[in-house]
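Peer 1: Handing you a structure now.
Number of protein chains: 2
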Amino acid sequence: MARIDIPRKSIYRLSIYQRCLSRLRENDVDTVSSEALAKAAGVKSTQLRKDLTYFGQFGTRGLGYNVDVLSATIAEVLGQNHLQPVILVGVGNLGSALLRYGGFKKEGFEVAAAFDIAPRSQAGLDIPILHLSEMAAFIKERQVKMAILTVPASSAQLVTNQIVEAGIQAILNFSPTVLDVPENVVVNSVDLAVELENLSYFIR
Amino acid sequence: MARIDIPRKSIYRLSIYQRCLSRLRENDVDTVSSEALAKAAGVKSTQLRKDLTYFGQFGTRGLGYNVDVLSATIAEVLGQNHLQPVILVGVGNLGSALLRYGGFKKEGFEVAAAFDIAPRSQAGLDIPILHLSEMAAFIKERQVKMAILTVPASSAQLVTNQIVEAGIQAILNFSPTVLDVPENVVVNSVDLAVELENLSYFIR
DNA sequence: AATTGTGAATTGATTCACAGCT
DNA sequence: AGCTGTGAATCAATTCACAATT
């Protein structure tokens, strides 16, 4: 089960399945077939089954999957069991919106602090907003491994170098730029303008 | 050159190349090799060349690509030449941050209006914020084809049905849910929690 | 000499088809 | 009878290798 050769897209889908499972649990459903779960997640049932077998066998033939068991297993695989501290760098429009966005905490992430060159405290937020100069020490002391990057493109690479140096291993990048990182660091980029542009290609 | 069988990932990369080209133009560079441009975009040079040949031949062997010509061609392919109106639905934290985010306009998109069930005007924004009840008429009248969806998951499908009915053909979805749309409608989903979860799988 | 453009080879992901359990 | 798990087949994307061009 070498971690490295499981398709990244499968990992993405695991998160989606997990969301669907949560909803089933809320409705006290305790068993689900690959067919039904796949439909909710918008994929083919054979793909769902294939995705799951990367990690083991969790279903009962003839019956389906136990919702609680499957959900717990996926949580385990995704590392959702221990609350993961995250920092956010760049408290502009997008950064401060993300700080207020509740979705992260709900999925097991704690935004431990935010950093900016000109930190201003934000009304109604209990997340500390600190100066960039305190960032490296914070990362090291709290052993933070994940960062959300919402700085302008012009400073993205510079900030990246700093946080990687301090120990960050995974970056969710919102800056519209390609980051250069050592190969042991993972970057997921969300480029809003690129997403829109991509859509505009498909309409006529 | 059937529009349908060009890999979607190639289209994504076209946007990235375009960004890199803009930077080259700012620096008055007028020729670039596939090797150099690919490096800036974070891909292999052969992939860049393959991506471009889906649309034609734009380079000069032995020399490289003319920056202006290539940039104009990509703009043409991506439909960046005519300003594309977009609406945004759901003016919460994320929605209002995106309204303030300058990146869209810079790439040729005009957010024509925003809609919410409880519209409150936003300080320092010249984008009209209207009630949901006015949405369908607006879409039809202005012939808007693209929408950014930043409503809660619970109302995402409902709103989607409404905007698709009114004529929207492409949706950039930020709601953490799988949208069900007719096959002539394109959806790009950006699920922030899923992106983070995905990263957390790769750190150890 | 340098660099593009591209068919062929490779690698990767998805889907099929069905054997194997419950 | 129903549904999972999986090897084989297919389909898609990437990379290689090199001929073609300036």
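For the protein sequence lines, the chains are A and B, in the order given.
Just so we're aligned, residue 13 is where the first sequence starts under our numbering, counting upward by one.
Just so we're aligned, residue 13 is where the second sequence starts under our numbering, counting upward by one.
Beta carbons: idealized from backbone N, C-alpha and C, even for Gly.
1. According to DSSP, is B:Asn-39 part of a helix, a strand, or is it coil?
2. Would you kindly check if the distance between the Cβ of B:Leu-184 and the Cβ of B:Leu-161 is under 8 Å?
3. On a CA-only basis, which of A:Val-198, A:Ile-215 and A:Val-206 is nearest B:Ser-27? Give me that one, please.
4. Anyone know if the C-beta pair for B:Asp-192 and B:Gln-169 falls short of 8 Å?
5. Under a CB-based cut-off of 8 Å, is B:Ser-22 close to chain A?
6. Curious, which full-length beta strand (DSSP E) runs of at least 3 residues does the segment 128-185 of chain B contain?
7. Near A:Glu-38, what residues of its chain come up, given a Cβ to Cβ distance below 7 Å and the 5 sequence neighbours on each side ignored?
8. Could you round the C-beta distance between A:Ala-135 and A:Arg-154 to whole angstroms and report it? I think they count as a contact, below 8 Å.
9. Note down, in chain order, each residue of its chain lying with its Cβ closer than 7 Å to the Cβ of B:Asp-63, except the 5 sequence neighbours on either side.
10. Quickly, what does DSSP pair A:Leu-100 with across the bridge? List them, please.
11. Could you check the C-alpha separation between B:Ser-83 and A:Leu-95 for me, to the nearest Å?
12. Assign A:Asn-200 to one of three DSSP states: helix, strand, or coil.
13. What three-state label does DSSP hand B:Phe-121 in the structure shown?
14. Can you pull the chain B neighbours of A:Gly-54, defined as C-beta to C-beta under 9 Å?
15. In this structure, what does DSSP give as the bridge partners for A:Gly-280?
16. Can you check which of these residues, A:Asn-105, A:Pro-194, A:Ala-53 and A:Gly-91, is closest to A:Pro-131 by C-alpha distance?
17. Check whether the segment 58-75 of chain B and the segment 30-37 of chain B touch, using three or more Cβ-Cβ pairs below 8 Å as the test.
18. What distance in whole Å lies between the Cβ atoms of B:Ile-139 and B:Val-156, which are believed to be in contact at a cut-off of 8 Å?
19. Out of A:Leu-75, A:Leu-90, A:Val-197 and A:Asp-17, which has the shortest C-alpha to C-alpha gap to A:Tyr-29?
20. Taking only beta-carbon positions, decide if A:Tyr-29 is within less than 8 Å of chain B.
21. Which two residues bound the contiguous alpha helix (DSSP H) that contains A:Ser-46?
22. Applying a beta-carbon distance threshold of less than 7 Å, which residues of chain B neighbour A:Val-206?
23. Taking Cβ-Cβ distances shorter than 7 Å, what residues in chain A pair up with B:Leu-184?
24. Using a Cβ-Cβ cut-off of 6 Å (strictly less than) and excluding sequence neighbours within five positions of B:Val-197, which residues of its own chain qualify?
25. Select from the segment 57-71 of chain B all residues with a C-beta closer than 8 Å to any C-beta belonging to chain A, and list them in chain order.
26. My understanding is that A:Glu-122 touches A:Val-101, with C-beta atoms under 8 Å, so please give their C-beta distance in whole angstroms.
27. If we count the other Cβ atoms within 10 Å of its Cβ and call it buried at 16 or more, is B:Glu-195 buried or exposed?
28. Measure the alpha-carbon distance for B:Gly-107 versus A:Val-199 and round it to whole angstroms.
29. Excluding the 5 residues flanking B:Ser-46 on each side, which residues of the same chain have their C-beta closer than 6 Å to its C-beta?
30. Can you check which of these residues, A:Glu-209, A:Val-171, A:Ser-167 and A:Val-79, is closest to A:Glu-146 by C-alpha distance?
31. Residues of the segment 130-150 of chain A with a CB closer than 8 Å to any CB of chain B: list them in chain order, please.
32. By alpha-carbon positions, which one of A:Ala-48, A:Ala-52, A:Tyr-213 and A:Pro-19 ends up nearest to A:Leu-217?
33. What do you get for A:Glu-88, buried or exposed, if any count of 16 or more other CB atoms within 10 angstroms of its CB means buried?
34. To be precise: take each residue of the segment 105-119 of chain A, compare its Cβ to all Cβ atoms of chain B, and keep it if any distance is under 8 Å. Which residues remain?
35. Can you give me the start and stop residues for the alpha helix (DSSP H) that B:Asn-93 sits inside?
Peer 2: Straight from the coordinates:
1. coil
2. yes
3. A:Val-206
4. Closer than 8 Å, so yes.
5. It does not: the Cβ of B:Ser-22 has no partner Cβ on chain A nearer than 8 Å.
6. Correct list: 141-143, 158-161 and 182-185.
7. Nothing listed; no residue qualifies.
8. Contact flag wrong, Cβ pair sits at about 25 Å.
9. Ser-22, Arg-25 and Leu-26
10. Bridge partners of A:Leu-100: A:Ala-126 and A:Ile-160.
11. The straight-line gap from Cα to Cα measures roughly 45 Å.
12. strand
13. B:Phe-121 falls in the strand class under three-state DSSP.
14. Val-190, Leu-191 and Asp-192
15. The question about residue 280 of chain A has no answer here: the residues shown for chain A are numbered 13 through 216.
16. Sorting A:Asn-105, A:Pro-194, A:Ala-53 and A:Gly-91 by C-alpha distance to the C-alpha of A:Pro-131 places A:Asn-105 at the top.
17. no
18. Actually they do not touch by this definition, with Cβ atoms about 13 Å apart.
19. Here the closest residue by C-alpha is A:Leu-90.
20. no
21. 46-53
22. Those within 7 Å of A:Val-206 in chain B are Tyr-24, Ser-27 and Ile-28.
23. Glu-207, Leu-208 and Leu-211
24. Val-176 and Gln-181
25. Correct list: empty, as no residue qualifies.
26. Not confirmed; about 16 Å, so no contact.
27. exposed
28. Distance between the alpha carbons of B:Gly-107 and A:Val-199 is about 24 Å.
29. Ser-57, Leu-60 and Arg-61
30. A:Val-171
31. So the list is empty, because no residue satisfies the distance condition.
32. Residue coverage of chain A in this structure runs from 13 to 216, which leaves residue 217 of chain A outside it and unanswerable.
33. exposed
34. Asn-105, Leu-106, Ser-108, Ala-109, Leu-110, Arg-112, Tyr-113, Gly-115, Phe-116, Lys-118 and Glu-119
35. For B:Asn-93, there is no enclosing alpha helix (DSSP H), as DSSP gives it neither H nor E.
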